[in-house]
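Below is one structure; the comments refer to it alone.
Residue numbers (my numbering), protein chains in the order written: chain G, 1 to 301; chain A, 302 to 615; chain P, 616 to 958; chain Z, 959 to 1534.
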């Protein structure tokens, strides 16, 4: 008899455990933890952030210390784990410090773009009318520029420097954020609780920022994560074209630019920097995909 | 329907006007004196002043803007001082090159991307699915200029299979054209291809799990029809949206890819124009790329309308 | 029961969902037979396995993770589980039709009604487009759609829900249906339309001598439509009888609960509706004992120890309950002496 | 007698005019050069060349730093039986834009033009003297105010839209030269001295001058003074620039901007007809692609190789190097900011290990170390002043800085064009100066921006230094007069703002003297003075690099970066 009881009790306990688990699982954070893509993405991003943060500790050499005697040395040359570049600088150190630039620029540009874009999107979507027309036509106009071209012209206007790169890529990012936000606001503002708020006499601004914005946030976060990924590529593209970060600051794109000039004789220069860009971008894309899967039940499989 | 398309068409006009205005403002903000850029640094002050006058740079900004707009209305896009040619024929001569490259890339990307996406959706969670989705993830994350370099290194420099640069000439046979197109085309196609594969897959999965697909199956409709006709047509709208975005993306990519492969298209010209502070040419190229973009977007919207009977009926 | 007029025979059907989190036993041993021209209802709560049962009959699993692991399904003497894909296509839509819960989403939104009907007809009958078109119009008229020709050119979103359901029924009658599976055909429709659709089904059944498998959680509909009823709970058949018997002499505690939770027009409407306390079990954990034990007021030790078999208590009346299976029949309303696990 | 004097004057001619074909040097593909000397950092370049890898002798007094200098490099065998036919494919990094002799500004244009059009005079094979070409001979009046030039009477124009193989006459010479004077964007035919052309007969003209101009005849060898038919020029209007007609061995067939320019053999050419059927100038912006193309046989001659491509050309045995006359340097702001103090400039120079820096920048041997603001093979070059460049001594530099009042260093700016070589140089300077506490902000931009920022920058403290390369013919005038004359203070060549009365006097003296020895004495003084003022770091002579396919024979690569195809002394043929 006791044996059978055990079986039954086990069943009940398992049942309870499952219920508890399900309750837990509804928590977005836990959902995210269970999402394999998100975890891998998060891991990659964390590693890159850690590498960037601890660059001074991890880098074996001063990233800007030149040593003209040993240019273009290959992987593993005398303590230069990833070799040296045209001026004999340690590529590993430059990549580690470059991670700082790339990440700061990418995240910064996304924040700039998101802040402005979300604001414009909120106002245009909520108030509609001529405000919407003016804002969105302007955004359409900006959107019609090839992204990199807009960034190129902006950076030429603003001049080199990390803040200017952030600003340039950020501004080029504004229209897409505005569009995403506006689309979301238009959906959310028609929902019942918004009407309820209006009936109760909540002011427009309060409704907009206290009720509508929070309901758009998840979409914006997903979009922003994916934008960070493309901002990394944008920064690299600009540096590759010789625009943007001031010399001799290392960025992944500027290492690639050097690597381009020695593709046959020293392919490791372009190779390593490119790999880092690729992996980081994959990381952010995975993270973005993961967050979207969690926040957007429609996409969940 | 025609009315809607016409309305959509008219909507592009203010957009283009804004593009013109933004470009005008941005180019005037560019550092550097275009007159000096043309005449060279040894030119005398009088020569430079004369050149500035010839280029209308001595007028006030609003005046310059009005002059530019007037010219545009009359089909005069200005004169490129760095190429010493009118902008319009210059741009028109380049557009086919860029268009052929981007279109080939996009068509290739669309065919391959959607096919992979569909198969991955059907074979969801199989090895095929995983393999191609990882590939697609790498594809969307790839800095294409880097990939271009690596491909050149491998296929042209190391293996000597493909030409490294330039555009083929039909006079040398179709093989010449194709071999020149292969690397830049593939590079340009990578991101859209991967994006298509991903979008098609998720859109297809969503469609295939919908009720009417089950109903179709329950009605005994053959599988290829269910997937190929009903599934695909319903999964199309998000694809069309992505296609529109990718058009712009591909053009952006072309600016860098053309440079790497010495493709004589708009991309290389834009670079030259910016470097030389060739205002008219920058404005011209930007305007034309914007026109292309806006036009493509319009096509996408129209396609969207055609695909969605709910919009169509309205 | 095994006469020649049996159109569908399901025996010991088990359909499981294989997922990362475990095996969900959506259908865990279901058996029934359906005679030609008769109507059988399957009732039960959501998630009790009704729809999966009907899907299994069509061999149309809602997801790739689902698999029929055991049992047999015989349709008109043919083992459906052994059919090739090609034969299956012939079976589906021609001999056997299915009507789904939500008519609005059952039609492909991007194709016109006519296109979809013609496509389906030509899938099964080797006739020209024109003929198929005419047949479709005819079918639409048959199901009482006004201006049938005009409707052929309409998109699904241009029709009302009831209209759509009629179109779907029309599609069914285009072929040579021996069986119509209606999966909650009226749930998504409003009440007046519900009655019309049911009426239509009945009418068609009389005319075409088609068997109907009606899946619903509405006992009223069952009473109105069905000859026999199967009550399902957590993937199992708990009671199976002809309609009259089931209404008059329900035997399973779950059926009691189900009947109590349904408003009766006949009796005093002041009588309070009762609900069955608790929730159905997680289908990943069933199969060890009676699945209803945790909600059953009459639960006994034995209920927690083994799975009750489906027993024919009276001819044609099957019940799966330990407490009805033996000498001491459980009487409704009996006070349970063992409430140790009551929550 | 007269002839000799002309030759002597030649160099003066060089100083004033030869720089017309000259232009900026090295670096990127962005080349705009106002005719005349230019500091633009561009790929196009010209001028006297040296060869290290090719055939040819050495002129002893021109040998510097192990480079032998030769006006022209011979390619391939010259004595074998030539083969007719084939198209010579030459790659260059940028497209010619206008081929009109009065409008052209870049060296790429001159490559095309000099094969289609011809001038009254032309350079001899050694690139040391000019000789008559469309002219047969000439005499100068004793006052130097009129040149009587006799013309060939067997010269015919190519078939064009408006002329069909018409004979060239004195009227054409008058038209072309006067057009050159009136319409040229820059100083051609010594326009300030040139008056008018008098037609004496069909085969004789007299050119009248307002004042004597020594370099005038060599000016007439410059392609900007090519003889063109009036009908075509006026018939086409602005479009003449892309439909040029001349008297040369090739005719213009097709121009596709940024793709190629195709020339075809002129079957009615008055001189020796070319062996090749045509020339295609193909635009290949990337050096690596150019060398790939030479290796695969797509291109026969690749011009303006850079970076890795040089190594690859060398490995493939295709490399020819010719030194150019360009000097690459950075100059300091001499009027404002910390660098106004000569001690600071001296310290900054001492802080840099130039001997390590030059091979660091030019990793494929594309340049040699320089010391002075003068090309090393100028007759005025005096190697003994090289010692005036302080040697690498960071400690000494620090001490000097402290002495000048900057014990903790300071922050300064450097403006350069964004090319690989300049950026590498800038980062090395940044490092070296960083060691003595000087922080360097590098401003790397397109040349259009550079050339709008740098000239006149001595007037304030924004641009503390700038890097560029300067190209001219070997006469010292082409360098020091542009660098240190108060008159040039608004030009980019003297953007550092050098002005000194004594120097101005010396410069005038050096220009007006005709005796080379006397001039050298003056230039020695100038050089010694300048070297002690640390006006800048003159660190490298950049070479020109070519890759030539072994199937090309009897070609000449000339100092001014021209590939000579069909001339009086050579005629290219291609091994099939």
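The beta carbon of each residue, even a glycine, is placed where N, CA and C say it ideally should be. Note that the structure is a prediction, hence the values are computed from the model and not measured.
Min CB distance residue i to chain G below 9 Å
i: residue 388 (chain A); result: no
i: residue 1286 (chain Z); result: no
i: residue 999 (chain Z); result: Unreliable positioning characterises residue 999 (chain Z) in this predicted model, as indicated by a pLDDT of 38, which lies under 50. A coordinate reading is not provided.
i: residue 562 (chain A); result: no
i: residue 1327 (chain Z); result: no
i: residue 1314 (chain Z); result: yes
Where residue i falls: helix, strand or coil (DSSP)
i: residue 1259 (chain Z); result: strand
i: residue 637 (chain P); result: strand
i: residue 497 (chain A); result: helix
i: residue 827 (chain P); result: strand
i: residue 1110 (chain Z); result: coil
i: residue 1081 (chain Z); result: strand
i: residue 957 (chain Z); result: No information on residue 957 (chain Z) is available, as it lies outside the stretch 959 to 1534 that chain Z covers here.
i: residue 679 (chain P); result: coil
i: residue 959 (chain P); result: Examination of residue 959 (chain P) is not possible in this model, given that chain P is present from 616 through 958 alone.
i: residue 925 (chain P); result: coil
i: residue 1501 (chain Z); result: strand
i: residue 1513 (chain Z); result: strand
i: residue 1524 (chain Z); result: strand
i: residue 599 (chain A); result: helix
i: residue 1264 (chain Z); result: coil
Contact set for residue i: own chain, Cβ-Cβ below 6 Å, skip 5 residues either direction
i: residue 1423 (chain Z); result: 1288, 1290 and 1372
Contact set for residue i: own chain, Cβ-Cβ below 8 Å, skip 5 residues either direction
i: residue 1249 (chain Z); result: 1260, 1263, 1267, 1270, 1271, 1274, 1276 and 1505
i: residue 754 (chain P); result: 732, 785, 786, 788 and 789
i: residue 1529 (chain Z); result: 1040, 1230, 1232, 1233, 1512 and 1523
Cutoff 7 Å; reference residue i; Cβ partners in own chain excluding five residues on either side
i: residue 1153 (chain Z); result: 1166, 1167 and 1168
i: residue 602 (chain A); result: 309
i: residue 287 (chain G); result: 38, 41, 42, 45 and 225
i: residue 538 (chain A); result: 605, 608 and 609
Residue-level contact to chain A via CB, residue i, 9 Å cutoff
i: residue 1002 (chain Z); result: Bear in mind that the predicted position of residue 1002 (chain Z) carries a pLDDT of just 34, short of 50, making it too unreliable to give a figure here.
i: residue 675 (chain P); result: yes
i: residue 152 (chain G); result: yes
Chain Z within 9 Å of residue i, Cβ atoms only
i: residue 480 (chain A); result: no
i: residue 385 (chain A); result: yes
Nearest-angstrom beta carbon gap, residue j and residue i [assumed within contact, 8 Å]
i: residue 1511 (chain Z); j: residue 1034 (chain Z); result: 3 Å
i: residue 1215 (chain Z); j: residue 1049 (chain Z); result: Rounded, the Cβ-Cβ distance is 15 Å, inconsistent with contact.
Heavy atom of the ligand GDP within 8 Å of residue i beta-carbon
i: residue 1303 (chain Z); result: For the structure depicted, the ligand GDP is absent and the ligand set is empty, with no information on it obtainable.
Any C-beta of chain P under 9 Å from that of residue i
i: residue 513 (chain A); result: yes
Margin query: Which residues of the region 1401–1413 of chain Z have a Cβ closer than 9 Å to any Cβ of chain G? Give them in chain order.
Written below: 1401, 1402, 1403, 1404 and 1407
Note to self: Tell me which residues of the region 1232–1243 of chain Z have at least one Cβ-Cβ distance to chain A shorter than 9 Å, keeping chain order.
What the structure shows: 1240, 1241, 1242 and 1243
Check: Quick one, which residues of the region 116–140 of chain G are near chain A if we go by CB-CB under 7 Å, in chain order?
Finding: 137, 138 and 140
Checklist line | Interface positions of the region 450–462 of chain A facing chain Z (Cβ-Cβ less than 9 Å), listed along the chain | finding: Closer than 9 Å at the C-beta level to chain Z, one finds these residues of the region 450–462 of chain A: 453, 457, 458 and 461.
Note to self: For the region 1214–1225 of chain Z, list every residue whose C-beta sits within 9 Å of some C-beta in chain G, in sequence order.
What the structure shows: none
Check: Looking at chain G, which residues of the region 525–558 of chain A have a Cβ within less than 7 Å of any of its Cβ atoms?
Finding: 549, 552, 553, 556 and 557
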